[in-house]
Amino acid sequence: MDLNIRGRTALVTGASSGIGFETARVLLNEGATVVMTGPDPDELKDAVDRLSAFKDSLFAYDADVTVASAVDRLAADVAAEVGDLDILVNNAGIHGAGGLFHEISQEGWDRTIDVDLMGPVRVTRAFLPGLRRGGWGRIVFVSSEDAVQPYEDELPYCAAKAGLLSLARGLSRTYASEGVLVNTVSPAFIATPMTDEMMSARAKEQNSTFDEAIASFLREERPFMELGRRGRPEEVAHVIAFLCSDAASFVNGSNYRVDSGSVATI
Ligand code: NAP
């Protein structure tokens with residue numbers, strides 16, 4: 001299938017690793033110009049080096065999505081050096097504060113909501129004018145299975161990701177008539193640094209190996225992930241790329257689960 005995104009310009013937040021990095025790679029492979037962002041200049045440089053084959057169509061700017069002035073600077077730099085975006089992938093996120101509700105501090109709540117919900121709000125506000133100007137646009141938010149299936153020990157993350165579903169659905173109503181389509185992707189348990197960290201902590205807690213921690217997590221916490229393994233970042237990136245493309249020209253306001261069946265409801 002031809003995605004027909006050659007020549008489009010995309011920005012991916014949280015592109016220095018995991019799903020964001022793979023999304024950048026897939027979009028570059030499809031012929032798009034890609035702007036990668038991440039909060040850490042060294043991590044970002046390392047990611048850019050790994051994509052050196054695409055250096056002519058790759059830009060990178062560091063920006064922390066919780067810092068309004070950094071997002072404004074990012075938007076100004078992109079406008080001056082790259083131009084208006086056609087595609088925005090709001091991928092940056094953290095797992096954030098864990099524990100039962102009464103164990104999580106106010107700071108834990110504030111930080112998680114700030115990165116995972118307000119970050120995408122800031123970035124979208126900054127880039128929406130350019131997307132609207134172009135008359136053709138795609139915005140994809142990376143939510144999570146947790147949005148519709150809250151786990152009691154990660155409620156700040158669940159609430160932030162549920163907020164993204166609502167935000168995306170609302171935006172999809174406002175801007176579709178201008179050609180800007182908005183959708184969400186909801187992965188579950190993908191092999192990235194985020195779940196590496198979770199599984200390392202679980203292995204330590206259980207005095208088990210990393211692989212045993214994954215196996216017990218799948219068995220005990222994600223019983224409906226029928227494929228019985230972690231997903232690969234590119235398995236999410238391909239769905240994101242589809243939603244960023246001409247091939248998805250009639251897809252708006254939807255939420256694509258990329259979770260091997262983890263969400264048990266119809
Ligand atoms: P990851 O490898 O840890 O990537 C997260 C990315 O977000 C990194 O590039 C990170 O940069 C960046 N980031 C973190 N805080 C930021 C901030 N304040 N400002 C800007 N960028 C920031 O994790 P991932 O698994 O690929 O996660 C990508 C997205 O998928 C997230 O939204 C996550 O919630 C979602 N998701 C993941 C899974 C999963 O199982 N992995 C499941 C459902 C949803 P640094 O590395 O430099 O900090």
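Heads up: the sequence shown at position 124 corresponds to 124 in UniProt numbering, and the numbers run straight through without jumps. Using N, Cα and C, we set each Cβ at its ideal position, and we do this for glycine too.
Sub-7 Å separation of residue i and residue j beta-carbons
{"i": "V65", "j": "V35", "result": "no"}
{"i": "G18", "j": "P233", "result": "yes"}
{"i": "S262", "j": "L227", "result": "no"}
{"i": "N91", "j": "T9", "result": "no"}
{"i": "H102", "j": "Y157", "result": "no"}
{"i": "A237", "j": "E22", "result": "yes"}
{"i": "M225", "j": "A213", "result": "no"}
{"i": "A47", "j": "S69", "result": "no"}
{"i": "I113", "j": "A160", "result": "yes"}
{"i": "A147", "j": "A75", "result": "no"}
Nearest-angstrom Cβ-Cβ length linking residue i and residue j, presumed shorter than 8 Å
{"i": "F189", "j": "R219", "result": "Their Cβ separation, rounded to whole angstroms, is 12 Å, which puts F189 and R219 out of contact at 8 Å."}
{"i": "V140", "j": "L243", "result": "5 Å"}
{"i": "T209", "j": "A203", "result": "6 Å"}
{"i": "L85", "j": "L131", "result": "6 Å"}
{"i": "S143", "j": "L165", "result": "6 Å"}
{"i": "A247", "j": "L3", "result": "5 Å"}
{"i": "V123", "j": "G93", "result": "V123 to G93, Cβ: 12 Å. No contact."}
Contacting residues, own chain, Cβ-Cβ under 8 Å from residue i (five flanking each side not counted)
{"i": "Y256", "result": "N183, T184, V185, S186, V239 and L243"}
{"i": "W109", "result": "A97 and P156"}
{"i": "A241", "result": "L3, I5, T23, V26, L27 and E30"}
{"i": "P41", "result": "D62"}
Contacting residues, own chain, Cβ-Cβ under 7 Å from residue i (five flanking each side not counted)
{"i": "V251", "result": "L181, N183 and L243"}
{"i": "L28", "result": "V34, L51, F54, S57 and L58"}
{"i": "E152", "result": "L100"}
{"i": "M1", "result": "A247"}
{"i": "R222", "result": "A188, F189 and S262"}
Exposure of residue i, with buried meaning 16 or more beta-carbon neighbours within 10 Å
{"i": "P25", "result": "Here residue 25 turns out to be Arg, not Pro, going by the sequence shown. Counting Cβ neighbours within 10 Å, R25 comes out buried, since at least 16 surround it."}
{"i": "E145", "result": "buried"}
{"i": "A49", "result": "The question names Ala, yet the displayed sequence has Asp at residue 49. D49 should be labelled exposed."}
{"i": "T37", "result": "buried"}
{"i": "T174", "result": "exposed"}
{"i": "P39", "result": "buried"}
{"i": "E197", "result": "exposed"}
{"i": "T192", "result": "buried"}
{"i": "A80", "result": "exposed"}
{"i": "A201", "result": "exposed"}
{"i": "A264", "result": "exposed"}
Residue i to residue j span [Cα, whole Å]
{"i": "D72", "j": "Y61", "result": "12 Å"}
{"i": "V78", "j": "N207", "result": "47 Å"}
{"i": "L88", "j": "Q106", "result": "30 Å"}
{"i": "R6", "j": "A176", "result": "22 Å"}
{"i": "S249", "j": "G137", "result": "10 Å"}
{"i": "G134", "j": "E205", "result": "51 Å"}
{"i": "E235", "j": "P129", "result": "30 Å"}
{"i": "S245", "j": "G179", "result": "12 Å"}
{"i": "I266", "j": "R111", "result": "32 Å"}
{"i": "S216", "j": "I104", "result": "25 Å"}
Cutoff 7 Å: residue i Cβ touching any chain B Cβ
{"i": "C158", "result": "No chain B is present in this structure, which holds just one protein chain."}
Contact set for residue i: own chain, Cβ-Cβ below 6 Å, skip 5 residues either direction
{"i": "R169", "result": "G253"}
{"i": "A162", "result": "A147"}
{"i": "L171", "result": "V182"}
{"i": "G20", "result": "V12, G14 and N91"}
{"i": "P150", "result": "C158"}
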